[in-house]
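Chains as they are written, first to last, in our numbering: chain A, 159 to 502; chain B, 159 to 502.
There are 2 protein chains.
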Amino acid sequence: MSTDEPNASQDAAAIDGRIGRRPTIYDIAQRVGLNPSTVSRALNKPGRTNAATEEKIRAAAAELGYRVNPMARALPTGLSGTYAIVLPDITNPVHFELIRGAEQVARRSGFTLIVSETEGAAEIELETIETLQPSVDGLLVVASRLDDDSLAALAASKPIVGANHSTPSLPSVTPDLESGLTDALDHLRDLGHRSVAYLGLGGAWINRARWELTLDLAAARGLGVVEITVDEPTVAGGAESLRRVRASGVTAVLAYNDLVAHGLLRAARSSGLQLPEAFSVIGFDDIFSAELAVPALTTLRSPLREIGTRAMETLIDPERSRTPTKVVLPLELVVRESTAAPTR
Amino acid sequence: MSTDEPNASQDAAAIDGRIGRRPTIYDIAQRVGLNPSTVSRALNKPGRTNAATEEKIRAAAAELGYRVNPMARALPTGLSGTYAIVLPDITNPVHFELIRGAEQVARRSGFTLIVSETEGAAEIELETIETLQPSVDGLLVVASRLDDDSLAALAASKPIVGANHSTPSLPSVTPDLESGLTDALDHLRDLGHRSVAYLGLGGAWINRARWELTLDLAAARGLGVVEITVDEPTVAGGAESLRRVRASGVTAVLAYNDLVAHGLLRAARSSGLQLPEAFSVIGFDDIFSAELAVPALTTLRSPLREIGTRAMETLIDPERSRTPTKVVLPLELVVRESTAAPTR
DNA sequence: CTGTTAGCGCTTTCAT
DNA sequence: ATGAAAGCGCTAACAG
């Protein structure tokens with residue numbers, strides 16, 4: 159592209175001889191014969207400037223195709239207009255709706271969202287947050303692996319809101335595990351099951367919480383319960399657990415998430431097992447493929463999208479983002495085909 | 159939080175009396191008795207400063223917990239160290255691996271990634287790109303709905319790379335539709351099919367390209383082919399197409415993507431049809447749930463992750479990002495259970 | 001090798 | 001209501 163042949167379509171960008179340079183408030187000021195500070199006011203503090211002037215300035219800005227430079231604005235104000243969401247694994251379908259919810263709230267409010275993965279490692283999570291902090295106005299941390307002290311220290315410099323994870327010092331939005339698990343266990347008990355396996359993931363906070371709760375709740379119902387640990391919260395992880403599930407002799411399993419449940423279903427099918435006759439399985443989250451599974455997955459539907467929107471709303475609210483309020487959202491048991499009365 | 163009660167753990171942040179303020183290179187400079195510019199050099203231009211000095215500066219920086227402020231750096235350099243990926247729909251599983259590929263390359267190179275949705279609307283896409291442009295060093299645009307002129311104009315100000323979409327003025331990374339569709343059609347023909355339906359999406363560039371190609375390729379093989387349009391590239395869209403697929407009398411269908419194929423499979427199952435006996439279906443992309451479907455989906459596997467990494471690599475390379483080179487990646491036909499010989 | 005200086009684009013007192 | 005001037009944190013000549 160030649161730099162000395164401006165044409166009509168590039169006109170807006172052809173300022174003081176240089177093509178491609180973005181117009182600044184100085185260009186607008188010069189064009190309308192006013193001071194840059196007046197331009198700044200006209201564009202950002204409605205009413206604090208003469209109506210006619212403001213109109214003229216807006217017109218000039220439009221003609222030039224002016225866009226504020228967020229970086230330049232961030233320096234004096236300390237506010238960048240961008241937030242970050244940091245999560246263990248982008249490709250986990252559980253996070254899609256959550257990200258989308260957060261992104262929509264951010265965009266509707268004129269903010270930009272940075273997405274960053276931690277691969278489920280605490281050190282990477284810490285490093286990521288520290289790196290991102292100077293350039294954002296706050297962080298949404300999903301399923302954090304960090305302890306409360308670290309999180310509290312980090313939150314001292316920029317607000318942090320937790321999602322799918324709760325810790326004393328931070329505001330957080332989480333699903334209501336207790337009522338959800340109660341429903342799931344009641345469902346199983348009503349079907350006639352006597353012993354269930356909890357297929358969990360080592361490490362994650364939310365997993366510990368679920369297991370403890372499951373233990374209590376199952377005991378209260380006279381249900382036997384064992385914990386079986388999977389290495390990763392994935393389809394492969396679930397598939398690998400089949401042997402242990404069968405060995406345990408349970409008639410029902412509560413999976414850490416739908417991915418794990420999918421893996422278990424699939425492994426069972428391919429080893430010729432008939433489900434739900436051989437054993438029932440309940441997933442967690444209700445990701446889009448849950449109803450695609452065969453048998454269609456009974457699962458605890460997590461309000462993923464809403465967790466994302468609520469968490470982001472909390473984050474962008476200066477008041478709420480500094481108050482460690484816990485928002486707990488209901489979980490819904492979606493009964494499909496993967497649960498039935500035990501055959502033994 | 160009280161501002162006049164510094165404690166040990168906040169020591170690093172307790173600079174010139176104010177708690178919570180992030181240390182700057184001025185703080186480091188003062189601490190080691192050097193000039194800020196020397197600090198800047200020591201931290202960013204390895205070798206251009208005395209080894210001992212550099213060591214001292216790094217030590218001080220570490221003690222203070224210094225992190226560069228990307229906003230402040232962006233102003234003089236014009237480089238923000240962040241890139242944006244803009245795509246129609248975050249929750250489409252097709253984009254997960256693509257985003258992840260892009261994110262990993264960005265992070266490995268020390269860059270930050272902004273993710274933004276356009277809801278598949280050209281106006282939103284345009285607005286999004288224009289808004290993001292001042293704060294990024296380049297954009298990765300996935301499955302763009304904009305025409306070449308608009309894209310070319312936008313790319314004049316900051317580099318843009320296309321993914322899953324090809325347009326004359328931009329570098330792009332796309333799957334090799336021709337060889338992929340050839341394989342798919344050959345597979346169907348070899349199975350004995352004589353007429354196929356192409357289940358497409360109105361509007362998207364990549365859809366037009368696929369349909370035209372399918373038309374040519376099918377004709378060359380003596381296969382009859384009809385186009386059936388779905389409203390959205392989703393499970394629901396696919397399900398709704400069942401009536402028209404049956405009415406068309408074809409024995410095989412090529413779906414726009416796996417989501418649409420899933421919907422079709424599911425609708426067929428629930429109306430009592432036996433697949434692949436009633437008709438065969440081939441998906442596109444090979445998203446994680448393709449092998450979870452029943453029957454497991456035969457599909458053209460798109461190298462999503464690699465498209466993401468290659469596109470991002472192109473984008474962060476100053477040379478390549480300005481050269482409209484087209485990278486075409488192979489598609490692989492993954493034969494599973496949803497295709498078989500026709501029964502009529 | 002290190003210090004000085006100016007400036008990136010914008011906001012924000014403080015004057016006028 | 002508008003202008004002048006300083007400064008956000010950092011980099012980049014240019015001197016020394």
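Note that CB positions come from ideal geometry on N, CA and C, so glycine has one too.
Bear in mind that the values here come from a model prediction, so they are computed numbers and not experimental data.
May I ask which residues mark the beginning and end of the alpha helix (DSSP H) holding residue i?
i             : result
residue 254/A : 251–266
residue 382/A : Counting along the chain, residue 382/A falls outside any alpha helix (DSSP H), though it belongs to the beta strand (DSSP E) covering 382–388.
residue 122/B : This structure cannot speak to residue 122/B, because chain B is shown only from 159 to 502.
residue 213/B : 209–222
residue 286/A : 280–290
residue 418/B : 416–428
residue 233/B : 228–235
In terms of residues, what are the limits of the beta strand (DSSP E) holding residue i?
i             : result
residue 330/B : 330–333
residue 463/B : First-last for residue 463/B: 462–474, but that is the alpha helix (DSSP H), not the beta strand (DSSP E).
residue 411/A : 410–413
residue 438/A : 438–443
residue 378/A : Run containing residue 378/A: none in the beta strand (DSSP E); it sits in the alpha helix (DSSP H), 363–378.
Between the options, which has its C-alpha nearest residue i's C-alpha?
i             : options                    : result
residue 283/A : 438/A, 303/A, 255/A, 375/A : 303/A
residue 211/A : 189/A, 421/A, 231/A, 230/A : 189/A
residue 419/B : 191/B, 432/B, 454/B, 431/B : 454/B
residue 460/B : 198/B, 339/B, 305/B, 307/B : 339/B
residue 409/B : 243/B, 316/B, 500/B        : 500/B
residue 401/B : 431/B, 374/B, 360/B        : 431/B
residue 397/A : 450/B, 377/B, 385/B, 443/B : 450/B
residue 438/B : 386/B, 403/B, 444/B        : 403/B
residue 179/B : 217/B, 457/B, 360/B, 223/B : 223/B
residue 466/A : 337/A, 394/A, 273/A        : 273/A
residue 443/B : 202/B, 206/B, 252/B        : 252/B
residue 234/A : 434/A, 198/A, 485/A        : 198/A
residue 181/A : 220/A, 204/A, 394/A, 417/A : 220/A
residue 101/B : 417/B, 279/B, 485/B        : Chain B is shown only over 159 to 502; residue 101/B falls outside these bounds and no answer can be derived.
By how many angstroms is the C-alpha of residue j removed from the C-alpha of residue i?
i             : j             : result
residue 357/A : residue 392/A : 12 Å
residue 101/B : residue 334/B : The requested residue 101/B is not part of the displayed model; chain B covers only 159 to 502.
residue 496/A : residue 482/B : 51 Å
residue 213/A : residue 473/B : 39 Å
residue 342/A : residue 489/A : 10 Å
residue 292/A : residue 227/B : 6 Å
residue 193/A : residue 309/A : 45 Å
residue 389/B : residue 320/B : 24 Å
residue 405/B : residue 492/B : 28 Å
residue 294/A : residue 225/B : 13 Å
residue 163/B : residue 366/A : Residue placement at residue 163/B is poorly supported in this model, since its pLDDT is 32, which falls under 50; the coordinates still yield a value, given next. Taking the straight line from one Cα to the other gives about 36 Å.
residue 270/B : residue 264/A : 17 Å
residue 315/B : residue 236/B : 12 Å
residue 364/A : residue 232/A : 36 Å
residue 305/B : residue 311/B : 10 Å
residue 285/B : residue 479/B : 22 Å
residue 241/A : residue 268/A : 11 Å
residue 151/B : residue 498/B : Limits of chain B in this structure are 159 at one end and 502 at the other, which puts residue 151/B out of reach.
residue 165/B : residue 196/A : Residue confidence for residue 165/B is low, a pLDDT of 35 falling below 50, so the modelled location carries little weight; the figure read from the coordinates is stated next. Cα to Cα, residue 165/B sits roughly 44 Å from residue 196/A.
residue 384/B : residue 458/B : 19 Å
residue 494/B : residue 434/B : 11 Å
residue 281/B : residue 218/A : 22 Å
residue 374/A : residue 477/A : 36 Å
residue 421/B : residue 407/B : 19 Å
residue 216/A : residue 200/A : 8 Å
What is the C-beta distance between residue i and residue j, in whole angstroms, given that I count them as a contact (C-beta under 8 Å)?
i             : j             : result
residue 353/B : residue 382/B : 4 Å
residue 350/A : residue 318/A : Rounded, the Cβ-Cβ distance is 45 Å, inconsistent with contact.
residue 300/B : residue 256/B : 7 Å
residue 423/B : residue 372/B : Rounded, the Cβ-Cβ distance is 20 Å, inconsistent with contact.
residue 436/B : residue 426/B : 7 Å
residue 229/A : residue 428/B : With 8 Å as the limit, residue 229/A and residue 428/B do not qualify as a contact, their Cβ atoms being about 53 Å apart.
residue 290/A : residue 313/A : That pair is no contact at about 13 Å.
residue 275/A : residue 248/A : 5 Å
residue 113/A : residue 324/A : Within the shown structure, residues of chain A are numbered from 159 to 502, placing residue 113/A beyond reach of any answer.
List the DSSP bridge partners of residue i.
i             : result
residue 191/B : Answer by DSSP bridge pairing: none, since residue 191/B is not bridged.
residue 490/A : 459/A
residue 243/A : 273/A, 298/A
residue 321/B : 300/B, 331/B
residue 358/B : 387/B
residue 315/B : Partner(s): none; residue 315/B has no beta bridge.
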